[in-house]
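The next block holds one structure in the form of structure tokens; read it before the comments.
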Ligand code: SF4
């Protein structure tokens, strides 16, 4: 068990007293950055599947996907609690009534202890945040893409929103008792280590409860693939990524839960860099970098790792929210 950072698995054990397994679901959603509302090209790194599993396109309902994964995780890990994770595309995009129907489906899944909704900051109108705030589930997370706090970078990668939109949405969601996981990318075109660290500091100043770090890699069928093939984009080396990430963790608030340390390309989609395809090896290299550089999350501000980095410690106050009590099974 690591004590260098506040891992999601540690947080969930503190909340529930046992393993909690995330189940990836594909709701067959779309994105305003792909359907022509903002653009038809998407973010430069996004492939046409929107990082999805493709199960919705194969006709599998959310309940069928859930049952398949739940059975597998029950057998493999003896898991009894599960979080429904809608990952692909922008899952709160569209009319409010459709989003309400989606939440009803998720709420009805057997053994669901919480939900995580992946989306964009400009797809979370107040009425949708109100629906999420009214859910009677112990864990309601919004996974919101920021990627960079630099508006020039956001324009360069065709995000279709700015950093101020992200900040306003995070504040509105946190005011309703929702937990926010910010998605950040290291190695974006035109960015260097100081730009990435500036994004980490931007997130530190917001009521964010989690962060998902991602190394940028080049996938087939993306605008970034054309940039890469034309020599306009060079991905960072693994050593560079590990160093950037260690410095980012050193700056990060200690009460922010780390949902992920690196990206995980789907089979067959990766063009470059090769190292990005070896998820466990990258994780190992990150841990070795943290060890070798004597870095822990928040070490620029705090003299030691926080007590809650270990499973037996109580939650930090910012994550011990009222009205989200857990019934132990
Ligand atoms: S917001 Fe997400 S789904 Fe939409 S284009 Fe960008 S990465 Fe793809």
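Residue numbers (my numbering): 131 to 459. Even glycine gets a Cβ: it sits at the ideal position worked out from N, Cα and C.
Check                                                                                                                             : Outcome
Complete runs of the alpha helix (DSSP H) confined to the stretch 250-299 [at least 4 residues]                                   : 256-263, 281-286
Bridge-paired residues (DSSP) for residue 387                                                                                     : 340
Cβ-heavy atom distance, residue 311 to the ligand SF4, below 8 Å                                                                  : no
Start-end ranges of the beta strand (DSSP E) lying completely within the stretch 184-259, minimum 3 residues                      : 211-216, 242-249
Reference residue 367; option with closest CA among 135, 270, 405                                                                 : 405
Residue 345 CB to nearest heavy atom of the ligand SF4 below 8 Å                                                                  : no
Heavy atom of the ligand SF4 within 8 Å of residue 81 beta-carbon                                                                 : Because the chain here runs from 131 to 459, residue 81 falls outside it and cannot be looked at.
Residue(s) in a DSSP beta bridge with residue 309                                                                                 : 271
Three CB pairs or more closer than 8 Å across the stretch 351-367 and the stretch 316-329                                         : yes
Residue 214, buried or exposed, once every other Cβ within 10 Å from all chains shown has been counted against 16                 : buried
Chain-order list of residues whose beta-carbon lies under 6 Å from that of residue 432 (same chain, five-residue window excluded) : 384
Cα-Cα separation between residue 307 and residue 263, rounded to whole angstroms                                                  : 6 Å
Identity of the residue in 373, 350, 380 nearest residue 413 by Cα                                                                : 373
Which listed residue (456, 376, 241, 315) has its alpha carbon closest to that of residue 197                                     : 241
Pairwise C-alpha distance: residue 248 and residue 416                                                                            : 25 Å
Run of the beta strand (DSSP E) containing residue 153, from where it starts to where it stops                                    : 150-155
Rounded Cβ spacing between residue 310 and residue 302 (contact assumed at less than 8 Å)                                         : Not confirmed; about 10 Å, so no contact.
Backbone secondary structure at residue 402 - three-state DSSP                                                                    : strand
Contact test: residue 372 Cβ vs the ligand SF4 heavy atom, cutoff 8 Å                                                             : no
Cut-off 8 Å between Cβ atoms - residues of its own chain near residue 425, not counting five sequence neighbours on either side   : 134, 376, 377, 379, 380, 419
Residue 476: CB within 8 Å of a non-hydrogen atom of the ligand SF4                                                               : What is shown of the chain runs 131 to 459, which leaves residue 476 out entirely.
Residue 275 CB to nearest heavy atom of the ligand SF4 below 8 Å                                                                  : yes
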